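Peer 1: One structure follows; several queries about it will come next.
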Amino acid sequence: MHEHKSFFIGGDWVAPAGTGVIEVVSPHTEEVIGRVPDGTEADIDRAVAAARAAFDDGPWPRLTPAERAEAVGRLSALYAANVQPMADLVTAEMGSPALFSVFAQAAIPQMVLQYYVDLAATYPWEEERPGLQGPVTVVREPVGVVGAIVPWNVPQFTLMLKLAPALIAGCTIVAKPSPETPLDAYLLAEWVKEAGIPDGVVNIVPGGREAGAHLVAHPDVDKVAFTGSTAAGRQIAAVCGQQLKRVTLELGGKSAAVILDDADLATTVEGFKLASLMNNGQACAAQTRILAPRSRYAEVADALATMVAGMAVGDPTDYGTEIGPLVARRQQERVESYIRIGQDEGAKILVGGLNRPYDRGWYVAPTVFGDVTNDMRIAREEIFGPVLSLIAYDDEEDAIRIANDSEYGLGGSVWTADEERGVAVARRIRTGSCGVNLYSIDPATPFGGYKSSGLGRELGPEGLDAYLEHKAIPRPAPQP
Ligand code: NAD
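Following the working numbering, the numbering of the sequence shown begins with 5 at its first residue and continues without gaps.
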């Protein structure tokens, strides 16, 4: 049992202002595995005050980038030595399959941290430019206190996309983890303390929607970085718009995988295990619309159904498991309701459906719908579970049109024997990323969404830009 009775505020473990408790329940056993205090507005106020003081009066924003990189490098080293316990904890909280968890819930977050440590040495923190009347120094300064709000599906990854660049930039942070996954942030807080990051630079208060909304609206927060649903993102954008607060939003998706007519089907459907079904289908960038050429539709339907039927569904702590349970009963019921919607809309279940694979645990059978048209709700709305929609297209133009016919624009992929052709198609898909014969998110390259999938970019140098203000210091030309 993981029991925590305090929050990480101002470099210390601080008792909560309220009495509410968040229970963390295993999606596999349905048993309580942890308890943490439920953050209230008063707790958020204390955390923001600590972050504000650390920014206004503390050493952190005034250190050189190299000095900050040294401290964050110590955090990165501690993280690297503890990837396994972090992965195990996230799997226990939300059911991510062990093999995926080691990689995506722990190793990649650590790589993101190390990426920004290394970037500090080469990033153009300051430059001289010739101006109209004389030399201009352009400096990049930290934006201030950051409110970071993250979801439960990839809790460490989404947090690190904010924490790592914010720290290197010289910002201070209040992070609010999701109530489903508060435990992993406590482990991280221990390492932050051990690494000697100054007090108040990182503050962590898990809580629900109200705590998040309070953090967003707090007048002492200079920037909000949010990952979560598009509905919440719209509300947050409205508040930040009113206050002209800086904001980065990483929201939902309904990404398309386009199978071109020359694709090798065996490798393509194998690629969907990750691109479409990673993390039990609970991934914002999951490619849940599979676009197949009408000429090869039956062949694709067969290969896809066979692959999905063969996936190992079960205990997420087992390294052979490919699909674990969904995060909560609520999520299980939501995904099942979409399976019903698909049936009512006239789509045909090729594999999976409403029979639960286990009585205990929040499992849903991985499901593929055939005969889907792009106007059906199962093709338009984010389901956030292991449910794929197979859609036929006529020719390449039609495939691009269908891929782009979405409110969202986050990820995507193109599968083909001809890489050049794949890249040409990928260029025409209006999403923040679109892979060819794979889908991956790389620490060094920007990640984010077009359209309703978000605002701004995380990762890469672009992800650091988002935590900096640019200031120009012009001066008269030297007299001859
Ligand atoms: P959610 O929007 O309900 O909650 C996300 C976080 O925001 C939680 O910590 C929650 O407590 C908080 N929150 C909710 N409403 C808020 C508000 N009005 N103001 C402030 N905070 C608020 O989303 P979820 O169900 O936890 O996560 C799933 C969603 O996250 C999916 O839509 C998924 O696509 C999205 N997601 C996006 C990315 C990305 O990078 N684009 C990555 C992972 C998940």
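All C-beta atoms, glycine included, are put in the ideal place defined by N, C-alpha and C.
As the structure is a prediction and not an experimental result, all values here were calculated from the model.
Quick check on the DSSP output: the beta strand (DSSP E) that includes S259 runs from which residue to which?
Peer 2: Where S259 is concerned, the enclosing beta strand (DSSP E) stretches over S259 to I263.
Peer 1: Answer yes or no: do E349 and M380 have a C-beta to C-beta separation smaller than 9 Å?
Peer 2: Cβ atoms of E349 and M380: closer than 9 Å.
Peer 1: Cβ atoms of P450 and G439: under 9 Å apart, would you say?
Peer 2: Contact flag unset, no.
Peer 1: Any heavy atom of the ligand NAD closer than 8 Å to the Cβ of S410?
Peer 2: S410 Cβ: outside cutoff for every heavy atom of the ligand NAD.
Peer 1: Per DSSP, which residues does T176 bridge with? Please list them.
Peer 2: Paired residue(s): V149.
Peer 1: In or out: E462 buried (at least 16 other Cβ within 10 Å) or exposed?
Peer 2: Flag for E462 reads buried.
Peer 1: So E411 is in the alpha helix (DSSP H); what residue range does that whole segment cover?
Peer 2: Counting along the chain, E411 falls outside any alpha helix (DSSP H), and DSSP gives it neither H nor E.
Peer 1: I believe V205 touches T176 by the beta-carbon criterion, under 8 Å. Please report the beta-carbon distance rounded to the nearest angstrom.
Peer 2: The Cβ separation is near 5 Å, so the contact holds.
Peer 1: Confirm the yes/no value for this check: CB of L167, any heavy atom of the ligand NAD, distance under 8 Å.
Peer 2: No, Cβ of L167 sits at least 8 Å from all heavy atoms of the ligand NAD.
Peer 1: Is the stretch 234 to 254 touching the stretch 59 to 75 in the sense that three or more CB pairs, one from each, lie closer than 8 Å?
Peer 2: Contact between the stretch 59 to 75 and the stretch 234 to 254 is absent, because fewer than three Cβ pairs lie under 8 Å.
Peer 1: Among the candidates P69, V355, N441 and P361, whose CA atom is the shortest distance from the CA of G374?
Peer 2: Residue V355 is the option with its Cα nearest to G374.
Peer 1: Judging by CA-CA distance, which residue of T272, G256, F388 and A189 is the nearest neighbour of I498?
Peer 2: Outside the shown range of the chain (5 to 484) lies residue 498, about which nothing can therefore be said.
Peer 1: What distance in whole Å lies between the Cβ atoms of V331 and W156, which are believed to be in contact at a cut-off of 8 Å?
Peer 2: Rounded, the Cβ-Cβ distance is 6 Å, consistent with contact.
Peer 1: Ordered along the chain, which non-local residues of its own chain (more than five positions away) have a Cβ less than 7 Å from that of A407?
Peer 2: Once the five neighbours on either side are set aside, the close Cβ partners of A407 are A260, V262, L295, G416 and I433.
Peer 1: Select from T321, E386, A430 and Y83 the residue whose C-alpha is nearest the C-alpha of V339.
Peer 2: Ranking T321, E386, A430 and Y83 by Cα distance to V339 puts E386 first.
Peer 1: Is any heavy atom of the ligand NAD found at a distance shorter than 8 Å from the C-beta of N157?
Peer 2: Yes; taking the cut-off as 8 Å, the Cβ of N157 has a heavy atom of the ligand NAD nearer than that.
Peer 1: Since I believe G99 is in contact with G328 (beta carbons under 8 Å), could you give me their beta-carbon distance rounded to a whole number of angstroms?
Peer 2: That belief holds up - the Cβ atoms of G328 and G99 are roughly 4 Å apart, short of 8 Å.
Peer 1: Determine, using beta carbons only, whether S299 comes closer than 9 Å to chain C.
Peer 2: This model lacks chain C altogether, as it is built from one protein chain only.
Peer 1: Which of helix, strand or coil does DSSP assign to G204?
Peer 2: Coil at G204, not helix or strand.
Peer 1: By alpha-carbon positions, which one of E131, T185, T141 and A124 ends up nearest to V28?
Peer 2: Nearest of E131, T185, T141 and A124 to V28, Cα basis: T185.
Peer 1: Rounded to a whole number of angstroms, what is the C-alpha to C-alpha distance between Y301 and A396?
Peer 2: Those two C-alpha atoms are separated by around 6 Å.
Peer 1: Quick check on D226: buried or exposed, where buried means 16 or more other Cβ atoms within 10 Å of its Cβ?
Peer 2: D226 comes out buried.
Peer 1: What residues in its chain sit with their C-beta under 6 Å from that of T420, if we drop five residues either side in the sequence?
Peer 2: Once the five neighbours on either side are set aside, the close Cβ partners of T420 are L264, D266, A267 and G426.
Peer 1: Please list the segments of the beta strand (DSSP E) lying wholly inside the stretch 237 to 305, counting only runs of 3 or more residues, in order along the chain.
Peer 2: List check, beta strand (DSSP E) in window: 250 to 254, 259 to 263 and 291 to 297.
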